[in-house]
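Comments concern the structure below.
Residue numbers (this note's numbering): 558 to 717.
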């Protein structure tokens with residue numbers, strides 16, 4: 558995963574200490590109802606598409622940009638699916654610690670041919686929702702929520 562310049566600058570002073578960062582995920586569907594996934598170069602595992610916003614970038618624009626950068630697919634963000642603080646920090650191979658506050662968008666493909674478009678993915682492909690490759694429970698939950706037409710999901714507080 559490429560480290561954005563602004564994160565590199567923060568890390569110069571902060572070292573490997575835990576950073577809370579915004580994250581954006583995109584569940585992209587095509588006209589046949591298939592979902593777009595990428596096999597990550599860092600883990601070799603299939604995943605939904607995502608990344609972090611650049612300073613001043615709107616979350617929906619981040620979703621659209623990340624999808625194009627990673628897969629060459631053009632999409633539009635249709636709605637927020639969920640907002641979730643990820644439960645555990647991620648430790649990267651270089652020792653950096655990050656924990657993400659994720660906003661997941663349901664997106665619709667509007668053009669382009671799915672292909673590896675950067676160095677973050679080994680392959681990209683469309684999958685029917687009933688024939689997905691092995692994914693994390695979190696990715697499966699996001700896809701399930703994107704299929705629902707209800708309001709955006711969030712973790713209720715203890716008082717609710």
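C-beta: ideal position from N, C-alpha, C; glycine also. The structure presented is a predicted model; accordingly, all values stated were derived computationally and were not measured.
Given the structure, does residue i come close to the ligand SAM, in the sense that its CB is under 7 Å from one of the ligand's heavy atoms?
i: residue 682; result: Here there are no bound small molecules, and the ligand SAM is not part of this structure.
Less than 8 Å between the C-beta atoms of residue i and residue j, yes or no?
i: residue 592; j: residue 700; result: yes
i: residue 632; j: residue 709; result: no
i: residue 630; j: residue 624; result: yes
Going by beta carbon distance, what residues of the same chain come within less than 6 Å of residue i, once the five residues before and after it are set aside?
i: residue 597; result: 604
i: residue 576; result: 655
Quick one: what does DSSP say residue i is sitting in, helix, strand or coil?
i: residue 659; result: strand
i: residue 668; result: strand
i: residue 700; result: helix
i: residue 616; result: helix
i: residue 652; result: coil
i: residue 636; result: strand
Would you say residue i lies against chain C (beta-carbon separation less than 8 Å)?
i: residue 587; result: Of the protein chains in the structure, only one exists, and it is not chain C.
Taking the straight line between their C-alpha atoms, what separation do you get for residue i and residue j?
i: residue 689; j: residue 602; result: 12 Å
i: residue 563; j: residue 609; result: 11 Å
Using a Cβ-Cβ cutoff of less than 7 Å, which residues in the same chain neighbour residue i once the five nearest sequence positions on both sides are dropped?
i: residue 620; result: 581, 583, 634, 662, 664
Which residues in the same chain as residue i place their Cβ atom closer than 8 Å to its Cβ, once the five residues preceding and following it in sequence are excluded?
i: residue 680; result: 595, 596, 673
i: residue 707; result: none
Touching by the beta-carbon criterion (3+ pairs, under 8 Å), the region 643 to 662 and the region 571 to 590:
yes
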